[in-house]
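Input: a single structure, listed below in structure tokens.
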Amino acid sequence: MSVSPPVSPPRGDGQQVLVVADPADSELVSTALELAGYRVGTAGSGAEGMVRLDSQRFDLLVWDAALRENAYPARRRRAAPADGPPLLFLATCDALPRLVPELAAEQEDYVTKPLRIAELLARVAVLLVDREGPALIHTRRGFGYWLGRADL
């Protein structure tokens, strides 16, 4: 009798992700992303995040909307949309009215706090679809499906 191997959690393909957030959120997000197979860099302030973004190539930027400098990456993207990585905001519900109108379609998204790891990983996978091709999304029961551009 053969035993099928356990279903593995969603895995990144080593894409570079920069997490710009306060230390508590940064640790949670970076740990979840590292366990999912992403290579993660962190920055504790918007200014530090912009320096890292200018000096290194990242496939995705995760930015805490509560940081004072939160609008800068979005404004910078408007100047050169194809130049920067997709942007995932971490936001509180009260920040959504000012944040949502600023989001660029297919390049920016958000997750709300308190963070739900499954949602975070799914949004990361969707934002990386355009850069890397289809992404395998796992459901809570461990079954997955390919998410391509037509599914968005």
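Numbering (the working numbering), first residue to last: 1058 to 1209. By construction, the Cβ of each residue, glycine as well, lies at the ideal position given by its N, Cα and C atoms.
- An exposed status is given to aspartate 1070, since fewer than 16 other beta-carbon atoms sit within 10 Å of its beta-carbon.
- Secondary structure note for aspartate 1082: its alpha helix (DSSP H) is the uninterrupted segment 1080–1092.
- Put simply, the backbone Cα of glutamine 1164 is about 11 Å away from that of arginine 1180.
- In the displayed model, arginine 1173 falls within coil according to three-state DSSP, outside both helix and strand.
- Straight-line spacing of the CA atoms in aspartate 1079 and threonine 1088 works out to 14 Å.
- Put simply, the backbone Cα of leucine 1090 is about 27 Å away from that of proline 1158.
- Glycine 1106 is a Cβ neighbour of leucine 1075, given a cutoff of 8 Å.
- As the crow flies, the alpha-carbon of leucine 1184 is around 12 Å from that of valine 1168.
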